[in-house]
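See structure below.
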Amino acid sequence: MIYDKIFKQKERGELIDLLSNRSTMNFSAKSALLDIVQTDEFFKEKYPDEIDELKSEIDYEESSIASFDYLKYLGFRISQIGDTIKVTRLSRFYLVDLMGVLIGALLAGVAYFGLAEWKILFTVGISIGPLVISLVTAIIALIGVILVARCLS
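Sequence positions in the sequence shown follow the working numbering and run 90 to 242.
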């Protein structure tokens with residue numbers, strides 16, 4: 090993992106800071122940090138409470154991942170019926186998806202007006218005004234297309 094390489098290059102003082110600020114770290118970073126501090130006798134002797142807290146945080150996150158608790162933050166409901174698991178989208182998140190599609194389509198629609206500026210660029214020649222407008226509308230349209238694609242996937 091990438092965090093293993095990064096943490097192995099850190100000095101003890103930096104690792105102590107990371108251990109005290111572990112609440113801001115993601116699961117992979119916490120796991121890598123735990124691997125590093127468990128192999129160092131210095132940390133085992135001086136910071137056993139912090140190591141135990143880090144272990145309990147990792148165990149809690151692992152149980153949350155195993156029970157699919159994180160899905161509720163993404164707008165999904167999970168229900169288990171016997172051996173089957175049913176994942177459904179929460180209704181209040183459909184509105185978020187709809188707004189994303191509408192805003193993305195609106196931004197992509199800006200590209201229509203940018204096409205006129207591109208036409209001016211190729212017929213009249215390059216000038217600063219149409220070039221700037223063309224580039225700005227192309228960027229806005231690209232953002233719109235990306236937003237629509239993310240909402241529909």
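Think of the CB as a built atom: it goes at the ideal place given N, C-alpha and C, for glycine as much as any other residue.
Residues of its chain near residue i, where Cβ-Cβ distance is below 8 angstroms and the 5 sequence neighbours each way are ignored
| i | result |
| --- | --- |
| Glu150 | Phe116 and Lys119 |
| Leu123 | Ile140, Leu143, Lys144 and Ile147 |
| Asp93 | Ala121, Asp124 and Ile125 |
| Ser153 | Tyr159 |
Residue i, buried or exposed, once every other Cβ within 10 Å from all chains shown has been counted against 16
| i | result |
| --- | --- |
| Cys237 | According to the sequence shown, residue 237 is Val rather than Cys. Buried: at least 16 other Cβ atoms inside 10 Å. |
| Phe132 | buried |
| Pro137 | exposed |
| Leu108 | buried |
Option nearest residue i by Cα separation, candidates the options
| i | options | result |
| --- | --- | --- |
| Phe165 | Ala155, Asp172 and Arg178 | Arg178 |
| Ile228 | Cys240, Ala121, Gly193 and Ile95 | Gly193 |
| Arg111 | Val199, Ile140, Leu210 and Ser216 | Ile140 |
| Ala121 | Lys135, Glu134 and Ile95 | Ile95 |
| Arg239 | Lys161, Leu108 and Asp186 | Asp186 |
| Lys135 | Lys97, Gly218 and Arg101 | Arg101 |
| Ile232 | Leu210, Ser216, Gly214 and Ala200 | Ala200 |
Supposed close pair residue i, residue j - CB separation, criterion 8 angstroms
| i | j | result |
| --- | --- | --- |
| Ile125 | Leu104 | 7 angstroms |
| Ala230 | Leu196 | 6 angstroms |
| Phe182 | Ile167 | Actually they are not in contact, since the Cβ atoms of Phe182 and Ile167 sit about 14 angstroms apart, beyond 8 angstroms. |
Sequence-distant residues of its chain with Cβ nearer than 6 angstroms to residue i (five each side left out)
| i | result |
| --- | --- |
| Val234 | Ala197 |
| Thr128 | none |
| Gly218 | none |
Same chain only: Cβ atoms within 7 angstroms of residue i, ignoring 5 sequence neighbours per side
| i | result |
| --- | --- |
| Leu241 | Val190 |
| Glu130 | none |
| Ile174 | Ile167 |
Within-8 angstroms CB hit, residue i to chain B
| i | result |
| --- | --- |
| Ala230 | Absent from the structure: chain B. Only one protein chain is present. |
Quiz prompt | the segment 201–210 contacting the segment 219–233, beta-carbon criterion three pairs below 8 angstroms | solution = yes
Quiz item: Any contact of the segment 138–158 with the segment 178–188, i.e. 3+ C-beta pairs under 8 angstroms?
Solution: No: the two stretches stay apart, fewer than three of their Cβ pairs being nearer than 8 angstroms.
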